[in-house]
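**Student:** My numbering applies: residue 44 is where the sequence shown begins, and numbers increase by one.
We put the CB at the ideal spot given by N, CA and C, even for glycine.
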Amino acid sequence: MRPLRRHCRHGIACATSGAVSFADTSYTLPMAPAVVVVIFTVLEGRLSVLLIERAAEPCQGEWALPGGLLQANETLDGAASRKLQDETGLTDVFLEQLYSFDATDEGNAGIVVAYFALLPAAQARLRRELEWRPAWHALRDLESLAFENERILEYARERLRNKLAYTNVAYSFLPRRFTLRELQGVYEAILEEPVDKRNFRRRMVGLGIVRATNETRKEGAHRPARLYEFSS
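Here it is as structure tokens:
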């Protein structure tokens, strides 16, 4: 991923802050937290993220992570699930709270609660509206994002890499049954480096992380490949 440049510095809270005056005392209205969802997939062998091209100011024409303000009587988890479903049409996928970030705009502070989701791109049904233009972007090609969203994106990528070392989180990008080649491709996309084929397969099968099924799949001119599934 290339070094990122800062562009639009408007915080997510820029349109939500305000103050009212009662007699001689000024009270600052509480600001609703914003919820942002980093939605990852593996597309054409590369780790990719869903971004929205902003159709209006602030940051018109720039790309940003999907997000919005917490609605009345809505939980943080509920808001994240709503955004995920709005953008992809999916609900039953990996979704986890990531971290809370400060959002600043000329001295007005707010809180952004970030989540990250993992899903197979083939299952997603992206919104197609005039004012809402979503698209998948490979992380290695990104330069800058609106609202300094790159800091959230970098944190999410590191969390994903760490989870890959001690969980079977790679299942989130794969069908229920898959080839070892497909599984290795997910690891290489997330780590952004090649993985030794022999050692990788020995580790996955030898440690019981995956198990062979009785099914095979034909891949091109090669002989049918054995399908595997995660052991747990």
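1. Buried or exposed for Gly110, please, with buried defined as at least 16 other CB atoms from any protein chain shown within 10 angstroms of its CB.
2. In terms of alpha-carbon separation, which member of Phe137, Ala77, Ala213, Asp129 lies closest to Val155?
3. Closest to Phe137 by CA distance: which of Leu90, Val212, Gly104, Met74 is it?
4. Have a look at Leu86 and Arg202 and give me their C-alpha separation to the nearest angstrom.
5. Using C-beta distances below 7 Å, list every residue in its chain close to Arg219, excluding the 5 sequence neighbours before and after it, in chain order.
6. Thinking C-beta only, is Ala232 closer than 8 Å to Glu105?
7. Following the continuous alpha helix (DSSP H) through Ile195, name the residue where it begins and the one where it ends.
8. When burial is assigned at 16 or more other CB atoms within 10 Å of the CB, is Lys126 buried or exposed?
9. Only counting the same chain, and skipping five residues up and downstream in sequence, which positions put a Cβ closer than 8 Å to that of Thr259?
10. Phe243 to Val229, Cα distance in whole Å?
11. Could you pull out every residue in the same chain whose Cβ sits closer than 6 Å to the Cβ of Leu90, ignoring the five residues on either side in sequence?
12. Along the chain, where does the beta strand (DSSP E) that runs through Gly110 open and close?
13. Going by the beta-carbon positions, is the gap between Arg176 and Glu100 smaller than 8 Å?
14. Out of Glu235, Asn257, Ile195, Leu226, which has the shortest C-alpha to C-alpha gap to Arg245?
15. Could you give the distance in angstroms between the alpha-carbon of Glu262 and the alpha-carbon of Glu197?
16. Rounded to the nearest angstrom, what separates Ser143 and His265 at their Cα positions?
17. From Thr256 to Leu112, what distance separates their C-alpha atoms?
18. Quick check: what's the CA-CA separation for Pro237 versus Arg200?
19. Give me, in chain order, the residues of the same chain whose beta-carbon lies closer than 7 Å to that of Lys240; leave out the 5 immediate sequence neighbours on both sides.
20. At what residues does the beta strand (DSSP E) containing Ser91 begin and finish?
**Tutor:** In short, the structure shows the following:
1. buried
2. Checking every option, the nearest Cα to that of Val155 belongs to Ala77.
3. Val212
4. 19 Å
5. Glu272
6. No, the pair does not count as a contact, with Cβ atoms beyond the cut-off.
7. 193 to 209
8. buried
9. Pro267, Ala268, Arg269, Leu270
10. 12 Å
11. When the five nearest sequence neighbours on each side are left out, the beta carbons in the same chain lying within less than 6 Å of the beta carbon of Leu90 are those of Leu182, Ala232, Ile233, in order along the chain.
12. Judged by DSSP secondary structure, Gly110 falls within the beta strand (DSSP E) whose first and last residues are 110 to 112.
13. No, Cβ-Cβ distance for Arg176 and Glu100 is not below 8 Å.
14. Leu226
15. 35 Å
16. In this structure, the alpha-carbon of Ser143 lies about 48 Å from that of His265.
17. 45 Å
18. 17 Å
19. Gln227
20. According to the DSSP assignment, Ser91 belongs to the beta strand (DSSP E) that extends over 89 to 96.
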